[in-house]
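Only one structure is covered here, and it is reproduced in the block below.
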Amino acid sequence: MKLQRPIVVVFAMMTICLILVPVTDAAAQDRRTSGWYVSGGLGGNLVSGLDQVGSNTESTCYPTSACFDMILRDIPGYRWRYDPSIDRGTGFDAAIGRVFDRTRLEVSFAHRRNQVDQGPPLEITYLDGGTAGASSFLGLGLAQATSTNFFEDLVTSTVTLNAYYDLPFGPRRITPYLGVGTGIAFVELTRIFFSIEYSDPSGEGTFYDPPLSFYNSKQDTRLTNTVFAGHVYAGADYSLNDRAAIGLKATYSRVDDVEHTGTYEYHPYFETDPSFTNKNTFSAANHWSLTLNVRFLFGN
């Protein structure tokens with residue numbers, strides 16, 4: 006499990022604090038040790054480690070492939086790989102929980118949005134690993150391929166059960182804490198767009214059978230998936246009074262692989278399989294966020 010190491014480290018730190026650190030909390034008079042609370046926060050986030058690997062099982066030989074120059078080959082399908090880049094994003098979170106002395110348990114909802122640049126493909130090969138080499142058709146200027154591909158926003162919403170431990174040290178009114186959480190993530194790529202068009206730039210009206218336009222394809226869709234997510238927290242709260250606190254919270258989240266089955270608006274392989282699709286896997290991503298949080302305690 007990819008989350009085991011950071012979770013074990015946090016629990017170890019909590020255990021050491023419980024055993025070795027004496028409870029000399031000068032700010033105890035400024036914090037309540039029981040009761041329900043609500044909290045909310047705003048902040049920014051970063052995402053790293055997102056890779057895209059996709060494939061399909063078509064046997065089409067394209068004008069951009071060596072087989073188009075009459076080099077015979079059975080094509081089992083195609084595989085591609087991208088390395089998307091993700092801009093800094095914004096987000097918010099809200100929670101309701103209960104205080105038990107130095108321990109807090111809560112259910113939280115968090116929402117993050119980042120813009121994604123898919124970029125050019127790192128690699129395109131045949132499904133069996135062979136190289137889908139460029140053909141001399143392109144080298145001779147007999148065919149021209151114009152492609153467009155992009156993503157829009159990565160939206161990640163999580164519902165999580167969290168546990169926190171307030172560390173028994175720190176300046177008056179300031180309470181540092183550590184925490185862990187586990188739950189589900191609702192992941193969406195708001196738009197996945199791909200199109201490629203083939204044409205003859207010579208202007209001589211060369212006859213192709215089928216015509217170059219036969220190889221055009223277009224995909225315009227979006228991704229949604231629900232996966233597991235784990236979280237590690239570290240932060241500090243400043244007590245405004247015995248019922249309200251404000252603080253900073255840093256969060257590391259790991260969201261599992263996301264899989265997507267993509268459909269096309271049109272594709273040359275539709276003549277063979279009208280329901281033809283492709284598959285993409287987006288690797289588990291690291292989410293880092295920093296939020297300014299406000300917490301209000303009510304009841305006893």
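Adding 5 to a residue's 1-based position in the sequence shown gives its number in my numbering. All C-beta atoms in this analysis are idealised placements derived from N, C-alpha and C, irrespective of residue type, glycine included.
Taking just the CA atoms, how far does residue 235 sit from residue 258?
-> 6 Å
Meets three-Cβ-pair contact criterion under 8 Å: the segment 213–226 and the segment 235–253 = no
In angstroms with no decimal places, state the Cα-to-Cα distance between residue 231 and residue 119.
-> 18 Å
Quick one, are the C-beta atoms of residue 172 and residue 52 less than 8 Å apart?
-> Not a contact, by the Cβ cut-off of 8 Å.
Who pairs with residue 181 in a beta bridge, going by DSSP?
-> 241
How would you call residue 39, buried or exposed, if buried means at least 16 neighbouring beta carbons within 10 angstroms?
-> exposed
Enumerate in chain order the residues of its own chain whose CB-to-CB distance from residue 97 is below 8 Å, with the five nearest sequence positions on each side excluded.
-> 45, 46, 47, 48, 115, 116 and 296
Residues in its own chain within less than 6 Å of residue 302 by CB, not counting five upstream and five downstream?
-> In its chain, beyond the 5 residues on either side, 37, 40, 42 and 248 have a beta carbon closer than 6 Å to the beta carbon of residue 302.
In terms of residue numbering, what span does the beta strand (DSSP E) encompassing residue 96 cover?
-> 94–105
Taking 8 Å as the threshold, find out whether the segment 57–74 comes into contact with the segment 85–92 through three or more Cβ pairs.
-> The segment 57–74 is in contact with the segment 85–92.
Contact check, residue 217 vs residue 193 under 8 Å by CB: the rounded distance?
-> About 35 Å separates the two Cβ atoms, so there is no contact after all.
Which of helix, strand or coil DSSP assigns to residue 114 = strand
Run of the beta strand (DSSP E) containing residue 155, from where it starts to where it stops = 149–156
Would you grab the beta carbon distance between residue 189 and residue 163 for me? Rounded to a whole angstrom, and I think it's under 8 Å.
-> 7 Å
In three-state terms, what does DSSP make of residue 257?
-> strand
Which of the three DSSP states, helix, strand or coil, is assigned to residue 127?
-> coil
Could you check which residue in 72, 122 and 99 has the C-alpha nearest to that of residue 92?
-> 122
Residue 271 and residue 281 closer than 8 Å at C-beta | Cβ atoms of residue 271 and residue 281: not closer than 8 Å.
Straight-line CA distance for residue 65 to residue 133?
-> 15 Å
Tell whether a beta-carbon distance below 8 Å holds between residue 291 and residue 54.
-> Contact: yes.
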